[in-house]
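Data first, discussion second: the structure below is written as structure tokens.
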Amino acid sequence: MKRRHSVMMGTACSDSSPSPNQSSSEPVIPLQLDILEEIFLNLPPQHVVCVCRLVCRQWKDVADSESFWRERCRREGYQLRDPSKVPSNWRLFYFLSKKRRNLIKNPRAEDEFQGWRILKNGGNKWKIEGSMVKHSNPAVQKNFVTSYGWCTKEQVINLMEEGYNPSFMDEFQPHIRISDWYGARSDCGSIYIISVQLLDHKKNVLQNFSPEPATIPQWNDQQWHQMVHVFKDYGPGVRYVRFTHGGKDTQFWAGWYGIRVTESCVEVCPALDN
Numbered sequence: 001m002k003r004r005h006s007v008m009m010g011t012a013c014s015d016s017s018p019s020p021n022q023s024s025s026e027p028v029i030p031l032q033l034d035i036l037e038e039i040f041l042n043l044p045p046q047h048v049v050c051v052c053r054l055v056c057r058q059w060k061d062v063a064d065s066e067s068f069w070r071e072r073c074r075r076e077g078y079q080l081r082d083p084s085k086v087p088s089n090w091r092l093f094y095f096l097s098k099k100r101r102n103l104i105k106n107p108r109a110e111d112e113f114q115g116w117r118i119l120k121n122g123g124n125k126w127k128i129e130g131s132m133v134k135h136s137n138p139a140v141q142k143n144f145v146t147s148y149g150w151c152t153k154e155q156v157i158n159l160m161e162e163g164y165n166p167s168f169m170d171e172f173q174p175h176i177r178i179s180d181w182y183g184a185r186s187d188c189g190s191i192y193i194i195s196v197q198l199l200d201h202k203k204n205v206l207q208n209f210s211p212e213p214a215t216i217p218q219w220n221d222q223q224w225h226q227m228v229h230v231f232k233d234y235g236p237g238v239r240y241v242r243f244t245h246g247g248k249d250t251q252f253w254a255g256w257y258g259i260r261v262t263e264s265c266v267e268v269c270p271a272l273d274n
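In terms of full-length UniProt numbering, the sequence shown opens at residue 1 and continues consecutively.
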């Protein structure tokens, strides 16, 4: 077993020099590329990029090959949404698919208002409270709540800072999925508003999702509702996402009887959802 390991690690690259204990006349047995690729496919992807590709030219060629990362996507289930849109960089497609995440900071009010910019703070202003009704996601324990005057807040997401480079966004145009949860008290009606915009590098609006305000009547079932929208085929130039939401109550009651919001989400989705 030790001897086999030595052959793999010591003679995989044709430009490697013989070790002090190896005779220069001993035949060199290069590792076949398909075998080397199979080994890499069973290693953590970060190890392939940060360690394996630095060993020698042969290993670098395998670690950088489009076929390797395409096969890695296939094995891990990252499928193209549109077969006609093939990424020019499969390694980037793989890592962006693998690291898909919520780009909204502090979506569940766990860190007060950190990450949010308050636009309107009417009535008795925004407040944070424990959830009055159990959410479908057990991790949601808090929410933001509005008052009797309009309360709105926003986040602007810089896609490049989050790892989505301009060439990938322009060429591949991955789906951008937004979602938000909102609800009202049972004894007071509420109005919920949301606006999500795709912006260019100068923050001009390229696409806008602004549905009609959702009104929940007084004496309701006090359940959570979800708002979902997916941006598709939005064209080149998207560099930012602006997410704005909020609302107020309908009874003009002092205190915090207005709409509640939590678990806000913006995701860039290169691969097909499983």
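We treat Cβ as the ideally placed atom computed from N, Cα and C, and that holds for glycine.
Since the structure is predicted, the reported quantities are computational estimates derived from the model, not experimental observations.
My output table needs one value for His47: the three-state DSSP class, helix, strand or coil. helix
Of the residues Arg57, Leu96, Thr146, Lys232, the one placed nearest Lys120, counting alpha carbons only: Thr146
Kindly identify the DSSP beta-bridge partner or partners of Tyr240. Asn158, Leu199
Within the same chain, show all residues whose beta-carbon is closer than 6 Å to that of Gly163, passing over the 5 residues directly before and after it, in chain order. Hits under 6 Å: none found.
Where the beta strand (DSSP E) through Tyr216 begins and ends: Residue identity check: residue 216 is Ile in the sequence provided, not Tyr. Residues 214-216.
Take Gly123 as the anchor and find which of Ser264, Gly255, His135 has the nearest alpha-carbon. Across the set Ser264, Gly255, His135, the C-alpha of Gly255 shows the shortest separation from the C-alpha of Gly123.
With which residues is Lys142 paired in a DSSP beta bridge? The secondary-structure analysis by DSSP pairs Lys142 across a beta bridge with Gly130.
Residue range of the beta strand (DSSP E) that includes Glu171: Taken as a continuous stretch (DSSP letters only), Glu171 belongs to no beta strand (DSSP E), being part of the alpha helix (DSSP H) at 166-172.
Using DSSP with H/G/I as helix, E/B as strand and the rest coil, what is Ala63? helix
Can you list, in chain order, the residues of its chain whose CB lies under 8 Å from that of Lys142, leaving out five sequence neighbours each side? Arg108, Ala109, Glu110, Ile128, Glu129, Gly130, Ser131, Thr262
Does DSSP put Cys73 in a helix, in a strand, or in coil? helix
Would you list the residues sitting across from Tyr192 in a DSSP beta bridge? Ala214, Gly247
Return helix, strand or coil for Ser88, following the three-state DSSP convention. coil
Could you have a look at Gln22 and say whether DSSP puts it in helix, strand or coil? In this predicted model, Gln22 has a pLDDT of only 46, less than 50, meaning its place in the structure is not dependable enough to derive any value.
Return the residue from the list Glu66, Gly235, Ile259 that minimises the CA-CA distance to Thr152. Minimum Cα distance to Thr152 is reached at Ile259.
Going by DSSP, what residues sit across from Phe231 in a beta bridge? Paired residue(s): Ile176.
Are there three or more Cβ pairs, one per stretch, closer than 8 Å when the region 83-95 is compared with the region 155-172? Segments in contact, yes.
What does a CB cutoff of less than 7 Å around Pro174 pick up in its chain, not counting 5 residues either side in sequence? For Pro174, where only same-chain residues beyond five positions count, the Cβ hits under 7 Å are Val268, Cys269, Pro270.
Closest Cα partner of Phe209 within the set Arg70, Gly237, Ser179, Ala184: Ser179
Please tell me whether Gly246 and Ile193 are closer than 8 Å, where the distance is taken between their beta carbons. yes
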